[in-house]
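Q:
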Amino acid sequence: MAEFSTPAPQGSVRENTFPIKPAIAVALAALADWLFYGQRTGMSAVIFAIALTGGALLANFTRLNKAKVLLAGLLVLAALIPAIEEFNAVSLFFIVLALGVGLSLTTDSNLTGVAEQAAALCDLYLVGPFRLLRDAISAFNLPALTAGFTVWFIPVVLSGIFAILFVSANPLLEKWISLLNPGSATSYVSLGRVLFWAAALSLVWPFIHVRWRRKPEVPADLAVAAIEEQEKPVHDVDFLGAATILRSLILFNLLFAVQTALDVFFLWGNATLPADISHAAYAHRGAYPLILTALLASGFVLVAMRPGGPAEQSKVIRPLVYLWVAQNVLLVASSILRLDLYVQIYLLTWWRVAAFIWMLLVAFGLLLIVARIRLNRSNDWLIRANLITLTSTLYICSLINFPAIIANYNVDHSREVSGKGVTVDINYLIQLGPQALPAIDKAIALRSLDRIFFDPIFVSRRNSLVEQHRNDLASWRTWGFRSWRLQRTLDAQKSSTVS
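Residue numbers for the sequence shown follow numbering that gives the first Met the number 0, so the first one is 0 and each next one is one higher.
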């Protein structure tokens, strides 16, 4: 029978806890579903922490340090008090810290020194959640099954993530997926809930099946045995081998090709969409999810095509990488077009300008990744190139008068001027500060000409901006060339009004 067990000290009975450990993990995941899924977090975090503590004690009962159980229990109870008072980020930190320290005290007495204990806690929370799949595979001791899971796990999981992002960004895909809905009988089971259960099991499992990583002390009389053990062939699980990367790139390219074809056909080609989906809905939906997709893709390429890795010199993998990066660049271009269409209707804001700049940086970063692979450069070269690009972009942005650009664009493309889109939001123009004053004056004049109801409070707030600007120029300490140019513009407008 397969078993999840931890090696016991020499002379003790080897624990066989396969039936109980998965049962405890599933029970805790079910409790987490009931407490957290779709709910706000508060006292539920305290209840779950107590349940997790009890489950860890039960699952590891044979290896507990009985002398420290009471101390660990008091530590956990003390850490729960802030969460009982109010659940926030600080109280959550104390819960997480106490659970890790308490588990260390009760299940491992060989950790010495603060550095080793801190490393053990990092291993528990950062590496431990990823052990669930490995332990589940190793429990069955089937080499073929292990190899199959190894080469298909990352391709399937990442393809699922990309598919979710594409569906959230594309109403046409969402409609096609909804047609596959089998009915309300399975409404309780959703993709979000499945992912929640997977995350809950992964986070709970390190507390149930405890493994602390440390440097083993090998006695002198066991040195020969250790050398012989090292000479044995080791079958490591390589989740980023050439076979895994090849399968991933084939799936990713096929999946991205669907989104690319839809964008080329409907977004760039303006083909006719179904009656219940407008071009505006199709275009405006997915700018930000598609950028997240491109970022995830670039991260995978960096990890998969690491210098000296098994895939870097492959004549089959390289073209697939170039094809996938090209699709990602087109994806970013589609995101820029989507955002541009959105801005044409709803005008500019600071965040939308930042989004444009960010998208261009992502596209250029993808091209730099291709250059790194093509020129056989190191990751240090890639980091320096990206830092230079980012610094140059920030320097150029520091010379651009974005408030004036945003304000002028919003006025020139508002309904009052172009006859379409939305009316100019003078409240937002005033929030942009004194640099928006010429555009604000133009908006006020347009509303006066069109006899649109105008709140005199806006004029008062506009005059406050003028006063703020004059105060800024009153002292040489606050003088700026941009402010001086604005003052000349305001003076010219005043002179033309007087004459």
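Built from N, CA and C at the ideal position, the CB exists for glycine as well.
Please read all numbers here as calculations on a predicted model, not as lab measurements.
1. Taking only runs of the alpha helix (DSSP H) that begin and end inside the segment 248-321, which ones reach a length of at least 4 residues, in chain order?
2. To which residues of the same chain is Gln-492 closer than 8 Å at the C-beta, ignoring the five residues directly before and after it?
3. Please report how far the alpha carbon of Phe-195 lies from the alpha carbon of Leu-51, in whole angstroms.
4. Could you give the uninterrupted runs of the alpha helix (DSSP H) lying entirely in the segment 29-103, keeping only those of 4 residues or more?
5. Go ahead and label Arg-337 buried or exposed: buried means 16 or more other beta carbons lie within 10 angstroms of its beta carbon, across all protein chains shown.
6. Looking at Phe-60 and Ala-78, is the spacing between their C-beta atoms short of 8 Å?
7. Taking 8 Å as the threshold, find out whether the segment 261-271 comes into contact with the segment 163-180 through three or more Cβ pairs.
8. Whole angstroms are fine: how far does the CA of Gly-99 sit from the CA of Ala-48?
9. Compare the beta carbon distance of Ile-372 and Arg-317 with 8 Å and say whether it is the shorter of the two.
10. In chain order, which alpha helix (DSSP H) runs of at least 4 residues are fully inside the segment 346-400?
11. By Cβ distance below 7 Å, which residues in the same chain neighbour Ala-55 in space, the five residues on each side in sequence not counted?
12. Let me make sure I understand the geometry here. Which of Ala-66, Leu-347 and Val-45 has the alpha-carbon closest to that of Leu-76?
13. Using a Cβ distance threshold of 8 Å, determine whether the segment 156-164 contacts the segment 292-310, with at least three qualifying pairs required.
14. Please work out which residues of its chain come closer than 6 Å, Cβ to Cβ, to Asn-407, disregarding the five sequence neighbours upstream and downstream, and give them in chain order.
15. Are Ile-368 and Leu-301 touching if we call contact CB-CB under 8 Å?
16. To the nearest angstrom, how far is the alpha carbon of Gln-229 from that of Met-42?
17. Here's a check: name, in chain order, each residue in its chain whose Cβ is nearer than 7 Å to the Cβ of Val-320, leaving out the five neighbours to either side.
18. Rounded to a whole number of angstroms, what is the C-alpha to C-alpha distance between Pro-181 and Val-193?
19. How many Å lie between Gly-53 and Leu-34 at the Cα?
20. Under 8 Å by Cβ, that's how I've got Val-203 and Leu-27 pegged, so tell me the actual separation to the nearest angstrom.
21. Taking the alpha helix (DSSP H) that Gly-191 falls in, what are its first and last residues?
22. Kindly indicate which three-state DSSP category Ser-516 falls into: helix, strand or coil?
23. Can you check whether the CB of Phe-251 is closer than 8 Å to the CB of Trp-323?
24. Would you mind sorting Leu-253 into buried or exposed? The rule is 16 or more other CB atoms within 10 Å of its CB.
25. Report the rounded CA-to-CA distance for Asp-339 versus His-412, giving the unit in angstroms.
26. In the structure shown, what three-state DSSP assignment does Ser-413 receive?
27. Please classify Leu-178: is it buried, with 16 or more other beta-carbons within 10 angstroms of its beta-carbon, or exposed?
28. With 16 other CB atoms within 10 Å as the buried threshold, where does Arg-461 fall?
29. What number of angstroms, rounded off, separates the C-alpha of Ala-444 from the C-alpha of Val-416?
30. Reducing DSSP to helix, strand and coil, say where Asp-134 ends up.
31. Contact between the segment 466-482 and the segment 428-437 is defined here as three or more beta-carbon pairs at a separation below 8 Å; is this criterion met?
32. Within 10 Å of its beta-carbon, does Ile-209 have 16 or more other beta-carbons around it, so buried, or fewer, so exposed?
33. Could you check whether Ile-344 and Gly-420 sit closer than 8 Å to each other, using their CB atoms as the reference points?
34. Cα separation between Gly-240 and Val-342?
35. Return the first residue and the last residue of the alpha helix (DSSP H) that Ala-119 is part of.
A: In terms of the structure at hand:
1. 278-284 and 286-303
2. Pro-437 and Asp-440
3. 17 Å
4. Runs of the alpha helix (DSSP H) inside the segment 29-103: 42-58 and 65-84.
5. buried
6. Taking a C-beta distance under 8 Å as the contact criterion, Ala-78 and Phe-60 do not qualify as a contact pair.
7. Counting Cβ pairs under 8 Å, three or more are found: they touch.
8. 11 Å
9. yes
10. 349-373 and 378-397
11. Excluding positions up to five away in sequence, the list reads Leu-102, Phe-206 and Ile-207.
12. Val-45
13. yes
14. Ala-438
15. yes
16. Low confidence applies to Gln-229: its pLDDT is 47, below 50, so where it sits in the model is not reliable, and the reading given next is rough at best. Their Cα atoms are separated by approximately 50 Å.
17. Leu-248, Val-300, Met-304 and Ile-372
18. Reliability fails at Pro-181, whose pLDDT of 48 lies under 50, so the model's placement of it is uncertain and no value is given.
19. 17 Å
20. 5 Å
21. From DSSP, the alpha helix (DSSP H) with Gly-191 extends over 190-207.
22. Nothing about residue 516 can be reported from this structure: the residues present for the chain run from 0 to 498 only.
23. Contact flag set, yes.
24. exposed
25. 13 Å
26. coil
27. Flag for Leu-178 reads exposed.
28. buried
29. 11 Å
30. helix
31. yes
32. Before going on, a small fix: residue 209 reads as Val here, not Ile. Per the 10 Å Cβ criterion, buried.
33. yes
34. 44 Å
35. 113-121
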